[in-house]
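Residue numbering for the sequence shown follows our numbering, starting at 1 and increasing by one per position.
Notes for the one structure printed next.
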Amino acid sequence: MTGNPGLDKAIFAINGLVVIAATALVVTSHTMIKRPPTDETKEFSSMVKDSMVEFQKPQVQFPEMVINLYSREARLRFVNLKMNIETFEQEQIQLIENAKPMIQDALVDVASNMKPSELNSVTGRILLETRIKNKVNSRLSTSAVKKIYFSKFIVQ
């Protein structure tokens, strides 16, 4: 307070008017501005279309492989797997097709150095995928491998 009763009343009145004006602005903005209604059929068809695009990404299929795993036990351990490689672009499919023997060699190299206990976990499978992806992309000297999908994965 300033000590001047007339000035104090004026400041109090101005503060009151500002609060009333701000409240009126908020109320009118919420009552006047309405979101357009959602067209559910349009949204559903858009969602279906987007999901179909997701399934139509370029992929290269690899044959089923059986790979011996690193194990200090007397019992032989192996992984039986089948994988598909997704590329970033359609044009890279031919590059992956031509490099299939090299990619299979990279898979054997990476998987045979992993323990069965590593591959039995989700983290181990993600680690296997990451190592294969990095090794293949470095051998190809380009980032062609986007994702690796395992359609069969059995550790014995």
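Quick reminder that beta carbons are idealized off the backbone N, C-alpha and C, glycines included.
Find out if the Cβ-Cβ distance for the pair residue i, residue j is shorter than 7 Å.
i      : j      : result
Val136 : Ala106 : yes
Asn80  : Val66  : yes
Arg77  : Pro116 : yes
Tyr70  : Asn113 : yes
Could you have a look at residue i and say whether DSSP puts it in helix, strand or coil?
i      : result
Thr87  : strand
Ser45  : helix
Leu107 : helix
Asn4   : coil
Lys57  : coil
Phe150 : strand
Asn15  : helix
For the alpha helix (DSSP H) containing residue i, list its first residue and its last residue.
i      : result
Ser117 : 116-119
Glu134 : Reading the sequence as shown, one finds Asn at residue 134 and not Glu. First-last of the alpha helix (DSSP H) with Asn134: 122-140.
Just the C-alpha distance for residue i and residue j, rounded to the nearest angstrom, thanks.
i      : j      : result
Phe150 : Ser51  : 20 Å
Ile93  : Thr130 : 19 Å
Leu141 : Ser45  : Looking at the sequence shown, residue 141 is not Leu but Ser. Near 40 Å, if we compare the C-alpha coordinates of Ser45 and Ser141.
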